[in-house]
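Just below is one structure, and these are the notes that go with it.
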Amino acid sequence: MTTHQQVETGYLGTDFVVLRDAMRWVGHYPIRTRGTVGGSIAHADATAEWCLLAILLDARIVVESVRGRRMIEADSFFFGYYATDLAFDEMIVEIFFPNRAPHAAVTEFAERRGDFAIVAAAVSLDLDGVEVVGGRVALAGVGATPVRSPAAEAVLAAGGTFADCADAAADALDLEDEGMFTVEYRRTLVRTLVTDAYGDALVSQGAHT
Ligand SMILES: Cc1cc2nc3c(=O)[nH]c(=O)nc-3n(C[C@H](O)[C@H](O)[C@H](O)COP(=O)(O)OP(=O)(O)OC[C@H]3O[C@@H](n4cnc5c(N)ncnc54)[C@H](O)[C@@H]3O)c2cc1C
């Protein structure tokens, strides 16, 4: 029952700043006061911010029915467009984020402010002092579900630049033309958005910086 607006206004305290900051991308204010985190994950829109964050941060989704509870890893929860591992009688009752991800950011591009994104990128960096020693990169709008980018993450682990990381994320994609959003258009968006998210993650002020 937690709404996007509750998270946006500090419901989670000073931990998980990336979850709070990502909420500004979810629709408009009236949407955020009514839409819920569980509803968003159950609905499984391909570019929903919560689905992207769940994939980025290895969320575990706790679901319950008369048959009991079970916990589903985010990477096996989303099957495709609006399709999940939820059985018809199961409800999401809890979403567990195991990593605080103090150096993380989400950014996206939509045709109009408040629309669902065409492409969204999320980056979480592992820092040793000021040095990037690894991290995670997740993308939405490049397929039926949000995905991690192993190619971009390999660049992060090898100490590559943010430009290398963005290029790796874009080049590794296996995209198909969708309406007016051509492969090259979305590849360019990925390159730009990963670059931006990387920069935002680097300067983000998580609780443990
Ligand atoms: C104009 C508009 C713009 C939007 N823009 C964005 C956006 O930019 N980004 C974004 O992420 N979202 C966006 N949304 C979606 C919105 O944020 C809501 O999260 C989403 O509509 C789900 O709403 P809800 O929580 O009220 O769930 P509902 O609409 O009540 O439910 C959605 C589905 O999930 C099921 N469900 C709901 N809760 C649970 C649960 N706990 N367990 C199991 N199943 C459940 C319902 O049965 C239903 O099938 C937008 C919505 C609108 C109307």
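Just so we're aligned, residue 13 is where the sequence shown starts under my numbering, counting upward by one.
The beta-carbon is built from N, C-alpha and C at its ideal position, and this holds for glycine as well.
These numbers were taken from a predicted model, which means no experiment stands behind them.
Here D101 is exposed, its C-beta having fewer than 16 other C-beta atoms within 10 Å. With respect to the 8 Å criterion, V30 and A163 are not classified as neighbours on the basis of their beta carbons. In its chain, beyond the 5 residues on either side, Q17 have a beta carbon closer than 8 Å to the beta carbon of Y41. Residue range M103 to F108 is occupied by the beta strand (DSSP E) that includes E106. Excluding the 5 residues flanking it on each side, D176 has same chain C-beta neighbours closer than 6 Å at V167, in chain order.
Bounds of the beta strand (DSSP E) holding T119 are A116 to F121. DSSP, reduced to helix, strand and coil, places G25 outside both helices and strands of the structure shown, so it counts as coil. Its chain contains A156 and T157 as the residues whose beta carbon lies nearer than 7 Å to that of G92, once the 5 sequence neighbours on both sides are disregarded; these appear in chain order. For V149, the closest alpha carbon among the candidates L185, F128, V142 and A122 is that of L185.
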